[in-house]
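Engineer: Mind looking over this structure? Questions follow.
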Amino acid sequence: EMDPVERAFQERVDAGQKIEPKEWMPEGYRKTLVRQISQHAHSEIVGQLPEGNWITRAPTLERKAILLAKVQDEAGHGLYLYCAAETLGVSRDELYEQLHSGKAKYSSIFNYPTLTWADIGAIGWLVDGAAIMNQVPLQRCSYGPYSRAMIRICKEESFHQRQGYDILMKMVKGTPAQKAMVQDALNRWWWPSLMMFGPSDDASVHSAQSMAWKIKQNSNDELRQKFVDQTVPQAKYLGLTVPDPDLTWNEEKGGYDFGQPDWEEFFNVIAGNGPCNAERLEARRKAWNDGAWFRDGLTAHAEKMAERRAA
Ligand code: ACO
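For the record, in the sequence shown the residue sitting at position 69 is 103 according to the numbering used here, with numbers rising by one throughout.
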């Protein structure tokens, strides 16, 4: 039996109304949002690292300027999302602490290395492509601040996706070695990109409740299917082979049948044991520690000003 306040809340959600920060919400709703929004924010922040790795090595000045802008966008998305999480009564310091201590999750995808310039193209095309597929429905999320953050973020993600595809378009028209580099990037990024949508529906612990609360609009498998259907033709256009022997067009369902990612690898990566987890966390901790003098300076200044006002 649902209590009347909770029932009224659910009715508002069902009617498509937005829930705003100061309004009553079930504790589970608040917790789920803090979890998802903060994981999302951490993903944007950690997501700067694999691409940041190539800023100094971008092949032209123009590519470098574009990549810099994109990585800056990701920092902005992270900060924007931390603000959305803060409206739910959690502090930024708590969220950083959860990230730096290894307690918080962030997207599995950012624990893979960027070995070549083609990886930067593949990240834009596949990783940002998957991010958009997941985030477009989140624009309709029942929680106002998250929903509004998603609208702006999705606009920028579309540019990111296009820039990645543009890198690959250029490379596949280049030398055979360049084209091979693109195929190699697709081979390495395909399966991790499919894992971004989360475990299969039967293993997804949060989906049913999150969908009832309209935090999520679609299940993980639904979005994964949509991503495959959208991306396979793009791979064909680039003249590439998707590294999935089970991939076949299914006329009846009007979509592709495809193989399953290696779920053991996925759970291993989100448990902290992926190829770059330790390196990513170390980079974030270092950035935090390197900024200590600045935070200390700000605090000292604020204290001095407060003393002066009191005097
Ligand atoms: N990477 C890391 N952790 C994941 C991933 C993933 N790809 N997929 C699922 N998980 C985690 C969930 O966070 C959850 O962990 P928790 O219970 O410890 O919090 C657990 O695996 C079980 O998964 P689900 O029950 O399916 O979790 P949920 O309903 O939250 O769905 C999803 C996962 C789809 C990622 C959802 O949280 C979401 O839409 N998040 C917002 C989008 C986002 O975070 N994108 C980040 C990458 S895009 C970018 O930054 C460019």
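Cβ coordinates follow ideal geometry from the N, Cα and C atoms, glycine included. No experiment lies behind these values; they were computed from the predicted model shown.
1) Would you be able to state if there are at least three C-beta pairs under 8 Å between the segment 163 to 170 and the segment 183 to 196?
2) Between the Cα of residue 200 and the Cα atoms of 64, 211 and 152, which residue gives the shortest distance?
3) Considering only residues of the same chain and omitting the five flanking positions on each side of residue 77, which have a CB-CB separation below 7 Å?
4) State the start and end residues of the unbroken beta strand (DSSP E) segment that holds residue 223.
5) May I ask you to report which of helix, strand or coil DSSP gives residue 114?
6) Drop a sphere of 10 angstroms on the beta-carbon of residue 220, count the other beta-carbons inside from all chains shown, and report buried for 16 or more, exposed for fewer.
7) Give me, in chain order, the residues of the same chain whose beta-carbon lies closer than 8 Å to that of residue 59; leave out the 5 immediate sequence neighbours on both sides.
8) Tell me which residues share the same chain as residue 216 and place their Cβ nearer than 8 Å to its Cβ, disregarding the 5 neighbours each side in the sequence.
9) On the three-state DSSP scale, how would you describe residue 232?
10) Can you tell me which of the three DSSP states residue 177 falls into?
11) How big is the Cα-Cα spacing for residue 35 and residue 65?
12) Per DSSP, residue 53 forms a beta bridge with which residues?
13) Please report the distance separating the alpha-carbon of residue 180 from that of residue 79.
14) With DSSP run on the structure shown, which of helix, strand or coil describes residue 48?
15) Let me check you understand the geometry: is the CB of residue 68 closer than 8 Å to at least one non-hydrogen atom of the ligand ACO?
16) Is residue 104 a contact residue of the ligand ACO, with contact defined as CB to any heavy atom under 8 Å?
17) At 4 residues or longer, and completely inside the segment 73 to 151: list those alpha helix (DSSP H) runs for me, N to C.
18) In angstroms with no decimal places, state the Cα-to-Cα distance between residue 299 and residue 160.
19) What separation, rounded to the nearest whole angstrom, lies between the Cα atoms of residue 209 and residue 111?
20) For residue 265, does the count of other Cβ atoms within 10 angstroms reach 16, so buried, or fall short, so exposed?
21) Relative to the ligand ACO, is the shortest distance from any of its heavy atoms to the C-beta of residue 164 smaller than 8 Å?
22) With a floor of 4 residues, list each alpha helix (DSSP H) that falls wholly inside the segment 224 to 290, ordered by position along the chain.
23) Apply the 10 Å Cβ neighbour rule to residue 249 and answer buried if 16 or more other Cβ atoms are within range, or exposed otherwise.
24) Check this for me: beta carbons of residue 253 and residue 280, under 9 Å apart or not?
Structural biologist: For this structure:
1) In short, these stretches touch, since the Cβ pair count reaches three.
2) As a first step, residue 200 must be located in the sequence shown, where it is residue number 166. Checking every option, the nearest Cα to that of residue 200 belongs to 152.
3) The residue labelled residue 77 in the question sits at position 43 within the sequence shown. Contacts found: 140, 141 and 144.
4) Residue mapping note: residue 223 aligns to position 189 of the sequence shown, counting from 1. Careful: residue 223 lies outside any beta strand (DSSP E), inside the alpha helix (DSSP H) at 210 to 229.
5) As a first step, residue 114 is located in the sequence shown; it is residue number 80 there, counting from the start. Residue 114: helix per DSSP, three-state reduction.
6) For the purposes of this step, residue 220 is taken as the residue at position 186 of the sequence shown. Burial call: buried.
7) Walking along the sequence shown from the start, residue 59 turns up at place 25. Cβ within range, chain order: 43 and 53.
8) Position 182 of the sequence shown, counting from 1, holds the residue named residue 216. These residues qualify, in order along the chain: 152, 155, 156, 202, 205, 206, 272 and 274.
9) The sequence position of residue 232 within the sequence shown is 198, counting from 1. DSSP places residue 232 in the coil class of the three-state scheme, outside both helix and strand.
10) Sequence index remark: in the sequence shown, residue 177 carries index 143 (1-based). Residue state, collapsed to three classes: strand.
11) As a working note, residue 35 is residue 1 in the sequence shown. As a working note, residue 65 is residue 31 in the sequence shown. Straight-line Cα distance between these residues: approximately 21 Å.
12) As a first step, residue 53 must be located in the sequence shown, where it is residue number 19. Answer is 177.
13) As a working mapping, residue 180 is identified with position 146 in the sequence shown. As a working mapping, residue 79 is identified with position 45 in the sequence shown. Computed Cα separation, rounded: 17 Å.
14) Against the sequence shown, residue 48 aligns to sequence position 14. Reduced to three states, the DSSP call for residue 48 is helix.
15) Numbered from its first residue, the sequence shown carries residue 68 at position 34. Answer for residue 68: no, Cβ out of range of the ligand ACO.
16) As a first step, residue 104 is located in the sequence shown; it is residue number 70 there, counting from the start. Flag unset: Cβ of residue 104 not near the ligand ACO.
17) As far as the segment 73 to 151 is concerned, its whole alpha helix (DSSP H) runs of at least 4 residues are 82 to 86, 95 to 120 and 126 to 134.
18) For the purposes of this step, residue 299 is taken as residue 265 along the sequence shown, with counting starting at 1. For the purposes of this step, residue 160 is taken as residue 126 along the sequence shown, with counting starting at 1. Using only the alpha carbons, I get a separation of about 19 Å.
19) In the sequence shown, the residue the question calls residue 209 occupies position 175. In the sequence shown, the residue the question calls residue 111 occupies position 77. Roughly 36 Å separates the two Cα atoms.
20) What you label residue 265 is simply residue 231 of the sequence shown in a count that begins at 1. Classification for residue 265: buried.
21) Within the sequence shown, residue 164 is the residue found at index 130, counting from 1. Yes.
22) 241 to 246 and 254 to 271
23) As a working note, residue 249 is residue 215 in the sequence shown. So residue 249 counts as buried.
24) Stepping through the sequence shown from its first residue, residue 253 is reached at position 219. Stepping through the sequence shown from its first residue, residue 280 is reached at position 246. Not closer than 9 Å, so no.
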